[in-house]
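The next block holds one structure in the form of structure tokens; read it before the comments.
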Amino acid sequence: MPIPWGWHEYTATRIEDVCEEAGLTKGSFFHHFKSKEELATAAADHWSEFTGAFFASAPYRELSDPLDRVLAYVDFRKAILQGRTLPDFTCLVGTMVQEIYDTNPPIREACNRSISGHAATVEADIAEAMQKYGIVAEWTAQSLALYTQATVQGAFILAKAQGGSEIAAACIDHLHRYIEMLFLNPIPGELFMTEVPQQGVKTVSEGLEAPRFKDGRPMLLAGFRGEYTMATMREIPALWQRFAAYLGKIPGQVGRVAYGVCFPSSEGFGYMAAVEVRSAEGLPDGFSVVTMPVERYAVFTHKGHVSKLSETCRAIEHEWLPRSQYSFALGTPGAPGFFERYGESFDPEVGEGDVEVWVPIR
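Numbering (full-length UniProt numbering), first residue to last: 1 to 362.
In structure tokens:
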């Protein structure tokens, strides 16, 4: 049965309006509901059932990666927003609760059940993604799921206020990027910060050993380099796979140590999978070269699987740097920043071995 207060609002809608819209007599209405309030509560519960089934059958539910599901859910909400006409820029329970939140507790509670219940389905995927990607943070899966719902509800309001979905859709795009940053930012993004938080940061990794300090030496590195953003950094393993085919066969290669070099920039960051070479002569097509500057480095040993390297990087930023007398030595945009050193005992097949993070300091 259509609910007429999408336009007229709950308070302004009379039982007579409901009956006229639905083609019912008042007697039929009161046979099913004792009051308009009871109808609104039932409508909120029905809305939960309808939207629950709708989202459960959406294509993004078929994705195997939990982070992909979360991001595709956000994109799905954007697609729904863009496909609607102005009167439909709304969520029934969101519209009702804005009007009656302080005057009608039963309806407010029904709306909260609906919104929180839907958020819980997103929360489950976020929690699974946090576990898969090794995210340990101050925020929780529940808080991010509710933040997602708050952003979507706000987008509906913007669409109504502006008479179209363009800006509202852009806001949901920002939500997509924000979630990507939470999960994919830790390695390059966090260590490129010019200011380090001094307080309010929880421990993110236990067992970070004190670094040793070393003066770097000029090294000529050669390998494949790519340019990335937070949205594309998951492509870095593919860069390593491509580079691995050349290891041990690169003209002038020095030793068997490999390097992952990060290059901060205003648009994103560069990343280079490389080895040391004696010269740039005879290098394969597509190779880039860079001369590492002479810097003072804090050298941290990474323990465990390489997939947990982001935890070591977060610990360096949030635990060690704030408590030390040093700051991260940022060079000019595009110049090499910190780098990962994969020693000869590192086994790429199992993802463990000799791994260090070299952080330039001043």
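We put the CB at the ideal spot given by N, CA and C, even for glycine. If you're wondering where the values come from, they're calculated on a predicted model, not measured in any experiment.
Take Pro218 and list the residues in its own chain whose beta-carbon comes closer than 7 Å to its own, dropping the five residues that flank it on each side. Thr291, Met292, Val294
Determine the contact status of Gly155 and Leu81, defining contact as a CB-CB distance below 8 Å. The identity of residue 155 in the sequence shown is Ala, whereas the question assumes Gly. A contact, by the Cβ cut-off of 8 Å.
Going by alpha carbons, who is nearest to Lys308 out of Arg77, Val357, Val275, Ala273? From the listed residues Arg77, Val357, Val275, Ala273, the smallest Cα separation to Lys308 is found for Val357.
Apart from the five residues on each side of it in sequence, which residues of its chain come closer than 8 Å, Cβ to Cβ, to Lys26? Ile15, Glu16, Cys19
Report yes if the CB atom of Ala274 is closer than 8 Å to the CB atom of Leu239, and no otherwise. no
Does the beta-carbon of Leu345 have 16 or more other beta-carbons within 10 angstroms, so that it is buried, or is it exposed? Checking the sequence shown, residue 345 turns out to be Ser, not Leu. Label assigned to Ser345: exposed.
In the DSSP output, what is Cys262 paired with across the bridge? Tyr271
Which first and last residues belong to the beta strand (DSSP E) in which Gly286 is found? Segment: none, Gly286 is in no beta strand (DSSP E) and carries neither H nor E.
Using the C-alpha atoms, what's the distance from Gly334 back to Val261? 11 Å
Please report the straight-line C-alpha distance between residue 368 and Trp139, rounded to a whole angstrom. Nothing about residue 368 can be read from this structure; the chain reaches only from 1 to 362.
For Ala72, I'd like the list of residues in its chain whose CB is within less than 8 Å of its CB, leaving aside the five on either flank, ordered along the chain. Pro59, Tyr60, Leu63
By DSSP's criteria, Arg296 is part of a beta bridge. Which residues make up the other side? Asp215, Ile361
When we look at the beta-carbon of Arg323 and count the other beta-carbons within 10 Å, is it buried (16 or more) or exposed? exposed
Nearest residue (CA-CA) to Lys78, options Ala159, Glu227, Pro237: Nearest of Ala159, Glu227, Pro237 to Lys78, Cα basis: Ala159.
So which of Gly337, Ile115, Cys111, Gln142 has the shortest CA-CA distance to Ile126? Checked all of Gly337, Ile115, Cys111, Gln142; the closest Cα to Ile126 is Gln142.
Own chain, CB closer than 8 Å to Gly343, minus 5 neighbours either side, in chain order: Val257, Gly353, Asp354, Val355, Glu356
Can you tell me whether DSSP reads Gln253 as helix, strand or coil? strand
Thinking C-alpha only, which one of Phe339, Val306, Leu321, Leu39 is nearest Val350? Val306
Is it buried or exposed, Ile250, if we count other Cβ atoms within 10 angstroms and call 16 or more buried? buried
Based on the DSSP output, what are the partners of Phe224 in its beta bridges? Ala273
Might you give, ordered along the chain, the residues of its own chain that have their beta carbon closer than 8 Å to the beta carbon of Ala169, omitting 5 neighbours on each side? If the five residues before and after Ala169 are omitted, its C-beta is found closer than 8 Å to the C-beta atoms of Lys78, Leu81, Gln82, Ala155, all from its own chain and listed in chain order.
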